[in-house]
Every structure is written in C-alpha cells, then in structure tokens.
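Following this line, the structure appears as structure tokens:
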C-alpha cells in the first residue's frame, strides 16, 4: 500500500508589528504540486472586495484548496498580495505586500520529519525579501501517509447559522470550513425538503494522516442568543466515507466525511510511488466505475500518468487499493518484469469486483 504525503495550509498572516492596522488586503495565493502543476487557489480577492485585517493575529480567509496538495518532490506557493490604499484612489497608489514564489522541498521535509518519527508536524514559514513591503507567514502542516478528506454538511431540518471547523487528533490547529457571518444574504440556510440543501464550505478538503482522526466541530445557533456545540469524529479509510447526524434544538444536520484512495506504481529499485489514479479526483459519479460488458472499460479508470520509465533489469510494481464495501478495502500488488516490445497482465479480485491490469512495454523512438 502506497499513500502519499500531503500539506495542509493552516493560516497565512501578515507577519510584521509595524503594519498600520487595520489594513485592506487583496490579491492571490496559489499552490502548484507535482500531481499536475495546475493552479490550486488558496486565497483570491479583487481590489473591489478586499479583506479587512484588524490586527497581526488575524489571518487571511482561505477559500482553498479544492483538492489535497500532494508533496512528492516540490510544492510551489505563488504569492501576490497588495495593500489597498485610499478608497477613492487608483490601483497605482496601492502598495505591494508580497510578490514571490516559494518552493517547498518535499524530499527534505519527509527525510527531516520522518527521521524524528513525526508523521504529522506543524511549522511556520516566513516569506520575506527585499522586494516585499511586509513579510508573510504561512503556517502549514506536513502530513505523511495521507488521505484526502472531503467534508459536506447538509441541513435536514430547521436552519443553520454558525461556524464549522476541522482539525485532527494530532494537529489541533482548526481549519475554518464555514462562517455564516461571511456569507451573503445573512448566512442563514434553511432545510429544503424538495432539494438537498448543503452548507457552503470555504474549504471542504483537508489532508489526514491515515492513522489519526478527523474532528469536525459545529457551533450552531439555536435561537437569537444561544449556540450549541457538537463535535464529530471520523476515522480515515482509503476510498470510503463516514457520516454523523446531529441535532441542535429543532435543527438537524447531516455531516459526511469522504476519504479517497489511489492506484500507484513504483519499481524494485525506486520505491517512490507514482500516482496513476485517484478516485477522489474523478469528477463524474464520485469516482465509482462499473464494468461494461459491451465495451472495454479501461478508459473509465482515468490514469493521471499512464507512462513511466523502467530499467530492463528491475521489476515494476503496481498497487491497487480497492473498496470492497463501505468500510472494507483490499490492497493488492502486482509485479511485472519488463521486456522489449511486449506486455504483461494480471487479474485481481477484490470481493465481488474483478480488475484486469495491463502493462505494455516499448522502446522510445
């Protein structure tokens, strides 16, 4: 079984005691990982909609990531933040807080943390350069052997107004998932029995170490002055989910945590796994693929990277972690010996499910 390392961004702050608070900040913070190098937005505000920061203890209100941030080799953070000047002034009068690209070395962090037996670790990262008006602090959590957890909250009865946060049993720093006071239209969400009424979450995805617990806390308004606190605990699994129904006064909510697994490949001499497939990244049908007797169903198992180089004298290993039912998973590894212009195949069975794995070998033209 091969599970990847991931990173959670816990907070981003303007890290300088000389900042003339309150300030209005706009701009963007994005990340790019080894999975596809595509933009993963963490913060995005236009000049017409800046965030007001009252003190150095306030952090940016993050609205991402939309998927887990994988840390294999390098994770890049691109920061472009500005300080809005006079409300009636032009953009030319605004000051640049920070404009930089910061590189996180995944190999160094994994070696450093795991050598200390730290499977999860929280660290600050201060981004400062002579070009920046103020230094920026990014607080992050390194998560080894991680699965991607996606949280959803559905209003079953009554209404919801309050806050939703998430943390884990090892990293107690809360990640803000929802704050009704930040939502347009007053933020009150009522149950709609004709349609699913899900609470809009700022950042529904977080990385969780496979052997810890995801903790979701809901602070819900019962009446105009009274709030109830409810805490739910979800044990991670690969390709599975857990749910809990809570009641706050006359209001009822359904909270779900979805966990996703992967197909990976490595070789007998290079144990760093390459991600081939992740059901959590497939947008249609929740990543579940069914056999089609009339057609080959290879295309449906969407492979992120179907090609890799293998030395002729080593062995390629493909690991499939497949869901058997809602709570049970099977992990099976196949070994393929390279050949010049040939192919190999293996059939595996996970409960009532059967998969055919093929590897085709060819020389580069």
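In full-length UniProt numbering, the protein residues as written are 1 to 365.
Don't be surprised by glycine CBs; every beta carbon is placed ideally from N, CA and C.
Nearest to residue i by CA position, among the options, is which residue?
{"i": "residue 55", "options": "115, 75 and 14", "result": "14"}
{"i": "residue 226", "options": "73, 342, 162 and 357", "result": "162"}
{"i": "residue 121", "options": "175, 142 and 167", "result": "142"}
{"i": "residue 176", "options": "192, 185 and 166", "result": "166"}
{"i": "residue 424", "options": "317, 348, 145 and 259", "result": "Any question about residue 424 goes unanswered here, given that the chain covers just 1 to 365."}
{"i": "residue 340", "options": "124, 101, 199 and 360", "result": "360"}
{"i": "residue 151", "options": "236, 334, 310 and 9", "result": "236"}
{"i": "residue 310", "options": "349, 223, 265 and 354", "result": "265"}
{"i": "residue 90", "options": "112, 48 and 108", "result": "48"}
{"i": "residue 185", "options": "173, 40, 36 and 200", "result": "200"}
{"i": "residue 39", "options": "19, 64, 144 and 179", "result": "64"}
Cα separation between residue i and residue j?
{"i": "residue 99", "j": "residue 189", "result": "38 Å"}
{"i": "residue 336", "j": "residue 169", "result": "39 Å"}
{"i": "residue 78", "j": "residue 66", "result": "16 Å"}
{"i": "residue 257", "j": "residue 211", "result": "15 Å"}
{"i": "residue 115", "j": "residue 7", "result": "18 Å"}
{"i": "residue 209", "j": "residue 220", "result": "28 Å"}
{"i": "residue 4", "j": "residue 118", "result": "15 Å"}
{"i": "residue 198", "j": "residue 164", "result": "13 Å"}
{"i": "residue 155", "j": "residue 312", "result": "56 Å"}
{"i": "residue 31", "j": "residue 112", "result": "22 Å"}
{"i": "residue 123", "j": "residue 306", "result": "35 Å"}
{"i": "residue 354", "j": "residue 125", "result": "46 Å"}
{"i": "residue 172", "j": "residue 196", "result": "31 Å"}
{"i": "residue 101", "j": "residue 153", "result": "35 Å"}
{"i": "residue 107", "j": "residue 214", "result": "26 Å"}
Taking Cβ to Cβ, would you say residue i is nearer than 8 Å to residue j?
{"i": "residue 182", "j": "residue 62", "result": "no"}
{"i": "residue 234", "j": "residue 205", "result": "no"}
{"i": "residue 27", "j": "residue 45", "result": "yes"}
{"i": "residue 60", "j": "residue 33", "result": "no"}
{"i": "residue 157", "j": "residue 228", "result": "no"}
{"i": "residue 362", "j": "residue 314", "result": "no"}
{"i": "residue 274", "j": "residue 232", "result": "no"}
{"i": "residue 52", "j": "residue 22", "result": "yes"}
{"i": "residue 148", "j": "residue 207", "result": "yes"}
Using a Cβ-Cβ cut-off of 8 Å (strictly less than) and excluding sequence neighbours within five positions of residue i, which residues of its own chain qualify?
{"i": "residue 16", "result": "56, 134 and 135"}
{"i": "residue 85", "result": "93, 94 and 95"}
{"i": "residue 97", "result": "14, 25, 27, 81, 82, 83, 132, 133, 134 and 136"}
{"i": "residue 241", "result": "256, 257, 258, 259 and 326"}
{"i": "residue 159", "result": "188, 189, 190, 191 and 251"}
{"i": "residue 174", "result": "165, 166, 167 and 217"}
{"i": "residue 146", "result": "3, 4, 5, 6, 68, 207, 208, 209 and 210"}
Below 6 Å CB to CB, which residues in the same chain sit around residue i once its five sequence neighbours on both sides are set aside?
{"i": "residue 230", "result": "218 and 246"}
{"i": "residue 128", "result": "135"}
{"i": "residue 347", "result": "356"}
{"i": "residue 35", "result": "70"}
Excluding the 5 residues preceding and the 5 following residue i in the sequence, name in chain order all residues of the same chain whose CB lies nearer than 7 Å to its CB.
{"i": "residue 11", "result": "59 and 139"}
{"i": "residue 243", "result": "254, 255 and 256"}
{"i": "residue 358", "result": "343 and 345"}
{"i": "residue 283", "result": "Low per-residue confidence applies at residue 283: pLDDT is 46, beneath 50, and the placement is therefore not dependable, though the value from the model is reported in the following sentence. Cβ within range, chain order: n/a, list empty."}
{"i": "residue 105", "result": "74"}
{"i": "residue 222", "result": "228, 248 and 249"}
{"i": "residue 103", "result": "74 and 76"}
{"i": "residue 19", "result": "56 and 134"}
Practice prompt. May I have a chain-ordered list of the beta strand (DSSP E) segments no shorter than 3 residues that lie completely inside the segment 64 to 107?
Written response: 74 to 83 and 95 to 105
Discussion item. Please give me, in chain order, every unbroken run of the beta strand (DSSP E) with length at least 3 that falls completely inside the segment 165 to 248.
Written reply: 175 to 179, 205 to 209, 214 to 221, 227 to 234 and 240 to 248
Fill in: 4-residue-minimum alpha helix (DSSP H) runs that sit fully inside the segment 28 to 60, ordered along the chain
none
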